[in-house]
Amino acid sequence: MFNTNTTKYLNMRPLKIVVLAKQVPDTRHVGPDAMKPDGTVNRGKLSTVFNPDDLHALELALNIKDRIPGTEITILTMGPPKAADIIREGYYRGVDFGVMISDRRFGGADTLATSYTLAKGIEKLAPFDLIVGGRQAIDGDTAQVGPQCADKLNLPQVTYVEEILEIKEDEIIARRRLEKGIEVVSAPFPCLMTVHGSSPACRSRHAKRVMKYKYARSATELRSADEFMIDLHTKRPHLTIPEWNVEDINADVEKIGLSGSPTKVKSVENIVLTANEAKLLNDSDADIEMMIKELIEHHTIG
Ligand SMILES: Cc1cc2nc3c(=O)[nH]c(=O)nc-3n(C[C@H](O)[C@H](O)[C@H](O)COP(=O)(O)OP(=O)(O)OC[C@H]3O[C@@H](n4cnc5c(N)ncnc54)[C@H](O)[C@@H]3O)c2cc1C
């Protein structure tokens, strides 16, 4: 789906937008060592991708920037050092600034600790008009982090946003995608939105921006960088990705990471479907009738 709404708001004041984006394991390549014995994700063993819904959130922000000149977008991620890839990806596609929240003490966070940490980071980025994130992340799949951030920041929230219909001085009007239809709602600025996967897909990387930002590195990455890279960052400080630790965002250590996470995963089971558990059906009346009969016999429906 391409962006259909291209209405320009040339007289509108520029907005400050924060995009929440998470680096997630690539669930297309999950192996047997994907989870640690304590039930947390073994991120070091998994290849990673930009969380798909967050790319939709990024596009929503970039579309607003196209329509309101001067709008500034900051991409914010919490994660281990390699999450710097998310910031670079944001730069390649058009964001103005990127910030990483990264510190070993943030590890093992559940949604409560994650949203607390992100909210502290967002507070540090204030003032802002709009926070956008994906509806959910494909590793946790909870869809709780956005709403919890809004709650902690005391902001109005609009979830499942599909398209921004109108932007006024003090309010933003959006269409939400619900299970059985759509809803049009308005929210005052500042507010938080989570973006549905049915919204327009994110634009591609921009070749010139890839050339400009391919050497962007976080402070941690710079520690093991060669002389060329260190020299480049001294000359072009905009390439250094700010990295915030616990103290930088003034976080309470009791509310972050494992200690701030009441959720404990008791056990994780691998379910492997064998071939004889799968049945191939076509769209003939006979096959559909057989399937319904079986579902009723197994008490799945009826
Ligand atoms: C098997 C398993 C079970 C789990 N069960 C629970 C549980 O029951 N309860 C619980 O609280 N936690 C649970 N967790 C942990 C939870 O998945 C993680 O804490 C996760 O970091 C946060 O939730 P999410 O991925 O579901 O995010 P979601 O709430 O699905 O994410 C929504 C959006 O928030 C933003 N966002 C989320 N995380 C970040 C980030 N780090 N940086 C930037 N933006 C971000 C993104 O825009 C994202 O699209 C479980 C984890 C596993 C592996």
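Just so we're aligned, residue 147 is where the sequence shown starts under our numbering, counting upward by one.
Glycine included, C-beta positions come from ideal geometry on N, C-alpha and C.
Model, not experiment: these values are computed from the prediction.
(message) Considering Cα atoms alone, identify which of N188, A255 and I438 is closest to V176.
(response) Along the sequence shown, one-based indexing puts residue 176 at 30. Per the Cα distances, N188.
Quick one: give me the first and last residue of the alpha helix (DSSP H) that K228 is part of. Your numbering for residue 228 matches position 82 in the sequence shown. Counting along the chain, K228 sits inside no alpha helix (DSSP H), nor does DSSP assign it H or E at all.
Exercise. Could you give the DSSP three-state label for P334: helix, strand or coil?
Key: Sequence index remark: in the sequence shown, residue 334 carries index 188 (1-based). P334 falls in the strand class under three-state DSSP.
*asked:* Looking at the strands, I want to know which residues DSSP matches up with T340.
replied: Taking the sequence shown and counting its residues from 1, the one referred to as residue 340 is at position 194. Looking at the DSSP assignment, T340 forms a beta bridge with G279.
(Q) Just to confirm before moving on: does the CB-CB distance between Y361 and L378 stay below 9 angstroms? (A) As a working mapping, residue 361 is identified with position 215 in the sequence shown. As a working mapping, residue 378 is identified with position 232 in the sequence shown. Cβ atoms of Y361 and L378: closer than 9 angstroms.
(Q) Assuming contact is defined by CB atoms lying nearer than 9 angstroms, are V165 and A207 in contact in what I supplied? (A) Here residue 165 is taken as the residue at index 19 of the sequence shown, counted from 1. Here residue 207 is taken as the residue at index 61 of the sequence shown, counted from 1. Yes. Within cutoff.
| said: Using the three-state DSSP reduction, which class does F252 fall into: helix, strand or coil? | reply: Here residue 252 refers to the residue found at position 106 when the sequence shown is read from its first residue. The three-state reading of DSSP puts F252 in helix, counting H, G and I together.
(Q) Closest to K127 by C-alpha separation, out of R234, S261 and I163, would be which residue? (A) Outside the shown range of the chain (147 to 448) lies residue 127, about which nothing can therefore be said.
* Using DSSP with H/G/I as helix, E/B as strand and the rest coil, what is E205? -> Residue mapping note: residue 205 aligns to position 59 of the sequence shown, counting from 1. DSSP places E205 in helix when its eight states are reduced to three.
request  = Pull up the DSSP beta-bridge partners for K162, would you.
outcome  = On the sequence shown, residue 162 is found 16 positions in, with the first residue counted as 1. Its beta-bridge partners are E218.
Burial state of R369, where buried means 16 or more other Cβ atoms lie within 10 Å = If you number the sequence shown from 1, residue 369 lands on position 223. Burial state of R369 is exposed, judged by a 10 Å Cβ sphere holding fewer than 16 other Cβ atoms.
Where do the N-terminal and C-terminal ends of the alpha helix (DSSP H) with F374 fall, by residue? The residue labelled residue 374 in the question sits at position 228 within the sequence shown. Start and end: E373 to K381.
Regarding L258 and ligand 1, is the C-beta to nearest heavy atom distance less than 8 angstroms?
-> Translated into positions along the sequence shown, residue 258 becomes position 112. Correct: L258 has its Cβ closer than 8 angstroms to ligand 1.
Hey, would you say the C-beta of M224 is under 8 angstroms away from at least one heavy atom of ligand 1? Locating residue 224 in the sequence shown gives position 78, counting from the first residue. At least one heavy atom of ligand 1 is found less than 8 angstroms from the C-beta of M224.
- Message: So, at 6 angstroms on beta carbons, what are the nonlocal neighbours of D275 in its own chain, with the 5 sequence-adjacent residues on each side left out?
- Response: Here residue 275 refers to the residue found at position 129 when the sequence shown is read from its first residue. Setting aside the 5 residues that flank it on each side, D275 is surrounded in the same chain by L161, K162, F335 and P336, each with a C-beta closer than 6 angstroms to its C-beta; the list follows chain order.
_Paired residues, beta bridge with T386 - DSSP_ = In the sequence shown, residue 386 corresponds to position 240, counting from 1. Per DSSP, R363.
Check your understanding: Does the distance from the CB of C295 to the CB of I277 come in under 9 angstroms?
Key -> For this step, residue 295 is matched to residue 149 along the sequence shown. For this step, residue 277 is matched to residue 131 along the sequence shown. Yes, these two residues count as a Cβ contact at 9 angstroms.
- Message: Shorter than 8 angstroms, the distance from the beta carbon of Q303 to the closest heavy atom of ligand 1, or not?
- Response: In the sequence shown, residue 303 corresponds to position 157, counting from 1. No, the Cβ of Q303 stays beyond 8 angstroms of every heavy atom of ligand 1.
Is it buried or exposed for S413, if we count other Cβ within 10 angstroms and need 16 for buried?
Residue numbering aside, residue 413 sits at position 267 when the sequence shown is read from its first letter. It is exposed - the Cβ of S413 has fewer than 16 other Cβ atoms within 10 Å.
Endpoints, alpha helix (DSSP H) assigned at Q303: Counting from 1 along the sequence shown, the entry for residue 303 is found at position 157. First-last for Q303: Q303 to I313, but that is the beta strand (DSSP E), not the alpha helix (DSSP H).
Worksheet item: Is A179 buried or exposed, if buried means 16 or more other CB atoms sit within 10 Å of its CB?
Response: Locating residue 179 in the sequence shown gives position 33, where the first residue counts as 1. It should be pointed out that residue 179 corresponds to Asp in this sequence rather than to Ala. The residue in question, D179, is exposed, as its Cβ has fewer than 16 Cβ neighbours within 10 Å.
Please report the distance separating the alpha-carbon of D184 from that of E393. For this step, residue 184 is matched to residue 38 along the sequence shown. For this step, residue 393 is matched to residue 247 along the sequence shown. When rounded, the distance between both Cα atoms is 27 angstroms.
**Asked** With respect to 8 angstroms, is the separation between the Cβ of L264 and the closest non-hydrogen atom of ligand 1 below this value?
**Response** For this step, residue 264 is matched to residue 118 along the sequence shown. Flag set: Cβ of L264 near ligand 1.
According to DSSP, what are the bridge partners of T194?
In the sequence shown, residue 194 corresponds to position 48, counting from 1. Answer by DSSP bridge pairing, in chain order: P171.
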